[in-house]
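Working notes, structure below.
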Amino acid sequence: PIVKEWQERPLEEVYAVVFMDAIHYHVRSEGRIVKRAVYIALGIDMSGKKDVLGMYVGENESAKFWLSIMNGLKNRGVEDILIACVDGLNGFPQAIEAVYPKTEIQQCIIHQIRNSTKFVSYKDIKKLMADLKLVYAAPTEETALNELELFKDKWDSKYPKIYKSWNDNWATLSTYFKYPEAVRRLIYTTNAIEGFNRQLRKVTKSKTVFPSDDSLLKMLYLATMDITKKWTGHRQDWGQIHSQLEIYFEERLAGRNL
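The opening residue of the sequence shown carries number 80 in the numbering used here; numbering runs sequentially from there.
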């Protein structure tokens with residue numbers, strides 16, 4: 080009941096950024112051992128405070144599942160999310176759009192790099208990563224697109240999938256180019272949530288299989304309470320980020336008591 084109450088507690092009206100990620104565990108179900116994904120939503124509110132908004136045990140990533148999570152946040156009082164930062168989760172942008180049509184979506188650059196360089200030969204990896212860095216660390220989107228074309232000319236014959244993946248996902252990979260440095264650093268990676276996931280793994284590593292979904296959720300809830308107790312205050316550069324967000328999202332923040 081305590082976990083349920085926590086899952087349904089009221090939330091803030093507006094979140095500056097919400098990070099979404101999944102962490103996987105093995106659970107016993109009807110005599111079989113199955114893999115479960117636990118989806119975690121971590122929010123940073125307008126005062127710069129970090130909070131775990133919810134944890135959800137699901138069988139697979141689907142737009143329908145994400146839609147139920149988004150509707151759940153809405154029902155708990157979240158009126159608007161300025162920016163959502165996700166890894167390349169299936170169906171996620173559509174689900175967000177259905178509930179929060181104005182939310183900007185940033186796909187995690189670190190996940191994208193990891194996924195697209197998985198099969199690169201170790202002889203090429205250093206050079207290829209340096210060329211890729213010219214894309215994602217570019218000062219403007221225009222420069223980034225030019226670098227991406229140069230990357231294609233150089234590497235496409237050997238690794239055609241990399242350019243294709245970046246090009247196909249560019250709309251959600253390039254969101255952060257609109258913003259100044261402080262906001263970019265905050266959103267271009269799901270680092271904030273990955274650090275949290277690492278701490279959860281530390282707590283749960285002695286358990287290879289959980290007897291049920293409920294026991295998994297209970298352990299993660301207790302670990303979360305423990306981890307979040309140590310979260311105090313907000314990011315050092317929050318003042319700067321906040322004033323930038325106020326300008327960028329002036330219309331959406333107007334009239335809200337933040």
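All C-beta atoms, glycine included, are put in the ideal place defined by N, C-alpha and C. All values derive from a computational prediction rather than experimental measurement.
DSSP bridge partner residues for K114 (one or two, in chain order): Here residue 114 refers to the residue found at position 35 of the sequence shown. In DSSP, K114 forms a bridge with H105.
Helix, strand or coil at L352 according to DSSP, with G and I counted as helix: Residue 352 cannot be examined here, being either before or after the span of the chain that is shown, 80 to 337.
Cβ neighbour criterion (16 or more within 10 Å) applied to S195: The residue labelled residue 195 in the question sits at position 116 within the sequence shown. Classification of S195: buried, given that the 10 Å Cβ count is 16 or more.
Nearest-angstrom Cα separation, counted from N225 out to H313: On the sequence shown, position 234 is the one that residue 313 refers to. On the sequence shown, position 146 is the one that residue 225 refers to. If you take the alpha carbons of H313 and N225, they lie about 37 Å apart.
Stretch pair the region 162-170 + the region 183-195: three plus CB contacts closer than 8 Å: yes
Between the CA atoms of I241 and V113 - distance to the nearest angstrom: If you number the sequence shown from 1, residue 113 lands on position 34. If you number the sequence shown from 1, residue 241 lands on position 162. C-alpha separation (whole angstroms): 32 Å.
Bridge partners - V131, DSSP secondary structure assignment: Taking the sequence shown and counting its residues from 1, one reaches residue 131 at position 52. V131 pairs with L121.
Exposure of L79, with buried meaning 16 or more beta-carbon neighbours within 10 Å: The requested residue 79 does not occur in the structure, where the chain is confined to residues 80 to 337.
Closest residue to A174 among I192, K181, L146 (Cα-Cα distance): Working through the sequence shown from its first residue, we reach residue 174 at position 95. Checked all of I192, K181, L146; the closest Cα to A174 is L146.
Same chain, Cβ closer than 8 Å to L295, neighbours up to 5 away in sequence not counted: As a working note, residue 295 is residue 216 in the sequence shown. Around L295: Y104, V106, R115, V117, V136, F289.
Stretch-stretch touch, CB-based, cutoff 8 Å, three pairs: the region 86-104 with the region 124-133: yes
Spatially closest choice to K305 from S322, D316, V282, by CA coordinates: On the sequence shown, residue 305 is found 226 positions in, with the first residue counted as 1. Per the sequence presented here, residue 305 reads as Asp, with Lys not at that position. When only C-alpha atoms are compared, the closest one is V282.
Beta-bridge partners of M304, as assigned by DSSP: For the purposes of this step, residue 304 is identified with residue 225 of the sequence shown, where counting begins at 1. Answer by DSSP bridge pairing: none, since M304 is not bridged.
Pick from Y267, E87, S141, K205 that is closest to M134, judged by C-alpha positions: Reading the sequence shown from its first residue, position 55 is the one you call residue 134. Minimum Cα distance to M134 is reached at E87.
Secondary structure of V288, DSSP reduced to three states: Along the sequence shown, read from residue 1 onward, the residue named residue 288 stands at position 209. Three-state result, V288: strand.
Reduced DSSP category for Q86 - H, G, I as helix; E, B as strand; rest coil: As a first step, residue 86 is located in the sequence shown; it is residue number 7 there, counting from the start. Of the three classes helix, strand and coil, the one that applies to Q86 here is helix, per DSSP.
Closest by C-alpha distance to N83, when choosing among S141, G151, I102: Indexing the sequence shown from 1 puts residue 83 at position 4. Position check: residue 83 holds Lys in this sequence, whereas Asn was assumed. With distances taken between Cα atoms, K83 lies closest to G151.
Three-state secondary structure (DSSP) of D100: Mapped onto the sequence shown, residue 100 falls at position 21. Correct three-state label for D100: strand.
Where A216 falls: helix, strand or coil (DSSP): Locating residue 216 in the sequence shown gives position 137, counting from the first residue. A216: coil per DSSP, three-state reduction.
Backbone CA spacing between Y179 and Y201 [nearest angstrom]: Here residue 179 is taken as the residue at index 100 of the sequence shown, counted from 1. Here residue 201 is taken as the residue at index 122 of the sequence shown, counted from 1. So the two alpha carbons sit approximately 42 Å from each other.
Burial state of M99 (16 or more Cβ within 10 Å): Start at 1 with the first residue of the sequence shown, and residue 99 comes out as number 20. With 16 or more Cβ atoms within 10 Å of its Cβ, M99 is classed as buried.
Presumed contact (8 Å Cβ cut-off) between Q191 and L121, rounded CB distance: Reading the sequence shown from its first residue, position 112 is the one you call residue 191. Reading the sequence shown from its first residue, position 42 is the one you call residue 121. In fact, because the Cβ distance is near 19 Å, the residues do not count as touching under 8 Å.
Whether I119 touches N270 by CB criterion (8 Å): In the sequence shown, the residue the question calls residue 119 occupies position 40. In the sequence shown, the residue the question calls residue 270 occupies position 191. Taking 8 Å as the Cβ cut-off, I119 and N270 do not qualify as a contacting pair.
Y258 (DSSP reduced to helix, strand or coil): The count along the sequence shown starts at 1 and reaches residue 258 at position 179. Reduced to three states, the DSSP call for Y258 is coil.
Sequence-distant residues of the same chain with beta carbon closer than 7 Å to D316, five excluded per side: Position 237 of the sequence shown, counted from the first residue, corresponds to residue 316. Once the five neighbours on either side are set aside, the close Cβ partners of D316 are A261.
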